[in-house]
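Every letter in the sequence shown is one number past the one before it in our numbering, and letter 293, counting from 1, is 696. Built from N, CA and C at the ideal position, the CB exists for glycine as well. What follows is a single structure, written as structure tokens, with notes after it.
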Amino acid sequence: MSCLIGTIAKSLLSESADWSFTNAIEYAHTLPHHATSVTKVDCFTVAASRRVVGSPGSAVVHDEAYGAVCGVDGLLAQRESSELVQEIDHALFLGSFQALAQKGSFSGFYFNQITERLSLFTDPLGQIPLYYSYNSHQVFFSTLPAAILEAAPPHTLHVNDRALSALLVYEHLMGEDTLFQEIKRVPPGSVIHFEIGSLSSPQKIHYWSIENIQEQSYHSLSEAAEEVFPSFKRAITDSASFCTRPCVFLTGGLDSRTIAGTLFDQTIPFQSFTYGIDSCRDIELAKLVALEVKSPLT
Numbered sequence: 404m405s406c407l408i409g410t411i412a413k414s415l416l417s418e419s420a421d422w423s424f425t426n427a428i429e430y431a432h433t434l435p436h437h438a439t440s441v442t443k444v445d446c447f448t449v450a451a452s453r454r455v456v457g458s459p460g461s462a463v464v465h466d467e468a469y470g471a472v473c474g475v476d477g478l479l480a481q482r483e484s485s486e487l488v489q490e491i492d493h494a495l496f497l498g499s500f501q502a503l504a505q506k507g508s509f510s511g512f513y514f515n516q517i518t519e520r521l522s523l524f525t526d527p528l529g530q531i532p533l534y535y536s537y538n539s540h541q542v543f544f545s546t547l548p549a550a551i552l553e554a555a556p557p558h559t560l561h562v563n564d565r566a567l568s569a570l571l572v573y574e575h576l577m578g579e580d581t582l583f584q585e586i587k588r589v590p591p592g593s594v595i596h597f598e599i600g601s602l603s604s605p606q607k608i609h610y611w612s613i614e615n616i617q618e619q620s621y622h623s624l625s626e627a628a629e630e631v632f633p634s635f636k637r638a639i640t641d642s643a644s645f646c647t648r649p650c651v652f653l654t655g656g657l658d659s660r661t662i663a664g665t666l667f668d669q670t671i672p673f674q675s676f677t678y679g680i681d682s683c684r685d686i687e688l689a690k691l692v693a694l695e696v697k698s699p700l701t
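This is the structure:
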């Protein structure tokens, strides 16, 4: 599992902030892969959960030309450092990550050291959750809520009764709520700006909504299929390239067969797995599919 975590502290931001960020990033690479503790380095906090910040799945970039530090989790982590900073900076300038949304799921942060503004952002569907907590002098943010619990002062957190009720009734949390009142989830398709001079008054921008999707008209089903298939193939290929060891859960059903077949056509090696009762149809079909696409099955 990869993660991003950081904290911006108003009282610690000074001329040495540049140094602090750089050293925090370098220090992250020295953390053991099994570490679970939060390590504070000046005004930046680095955490490790199996993979440290900067490992496959997440990336932290310091760009002196832009005077910025940014970190992402998801498919954007594959971008070249200079390209990543430039694209995120441009998206923030436009006030929309719509263009980046075409590149896959992501979440991350961008700290402009010149304007002293911290921006947290998510992809349109919020597929990679990003959590945050703040007060008048600090902002904590992470893709792992447990990391915020460890970094934030415990006496400042209170149980969110509404979220707890939703979890008991619906078996999942609703909207921006978490189990603690002071920890929120960045909504899908959103950017939250924190100005260092006024951390307690963040600006929230929703740059995308499902209502923005315009209905497409097609002359035939085949025309619609011609547009969908390349997008589907690109999504599968991009997701596989994001993984160091792609793996497909095979049930023998249509979804898993299509994914496995697409990877096979793209000559991308992958592992398959399935589970169930011995000799049940799901397992037997999975064996046949795995044999056909030449994928080891466990």
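Boundaries (first-last residue) of the alpha helix (DSSP H) holding Ala702 = This structure gives no information on residue 702, because the portion of the chain shown stretches from 404 to 701.
Tell me, which residues are paired with Lys607 by DSSP?
-> Ile595
What did DSSP end up calling Gln501 once you bin it into helix, strand or coil?
-> helix
With 16 other Cβ atoms within 10 Å as the buried cut-off, status of Arg453 | Low confidence applies to Arg453: its pLDDT is 25, below 50, so where it sits in the model is not reliable enough to give any reading.
Which residue's Cα is closest to the Cα of His609: Gln501, Ser568, Pro557, Gln541?
-> Gln501
When the Cα atoms are used, what is the spatial distance from Gly664 to Ser485?
-> 35 Å
Residues of its chain near Gly529, where Cβ-Cβ distance is below 6 Å and the 5 sequence neighbours each way are ignored | Pro591
Supposed close pair Thr525, Ser510 - CB separation, criterion 8 Å | 5 Å
CA nearest to the CA of Ile531, picked from Phe512, Gln669, Phe543, Ser508 | Ser508
In angstroms with no decimal places, state the Cα-to-Cα distance between Tyr387 and Gln617.
-> In this structure the chain extends from 404 to 701, so residue 387 is not present and cannot be described.
If I'm right that Ser634 touches Val651 with Cβ under 8 Å, what's the distance once you round it to whole angstroms?
-> Not a contact, Cβ separation roughly 19 Å.
Could I get the ranges of all uninterrupted beta strand (DSSP E) runs contained in the region 648-697, with 3 residues as the minimum, in chain order?
-> 650-652, 674-676
With a CB to CB cut of under 8 Å and the five nearest residues on each side skipped, what residues in its chain are close to Ala638?
-> Gly507
What residue does the beta strand (DSSP E) around Val589 start on, and which one ends it?
-> Here Val589 belongs to no beta strand (DSSP E), and DSSP marks it neither H nor E.
Contact under 8 Å by Cβ, Ile595 with Leu523 | yes
Using a Cβ-Cβ cut-off of 6 Å (strictly less than) and excluding sequence neighbours within five positions of Gly477, which residues of its own chain qualify?
-> Ser508, Phe509, Ile531
Pair within 8 Å by beta-carbon distance, Val488 and Leu521 | no
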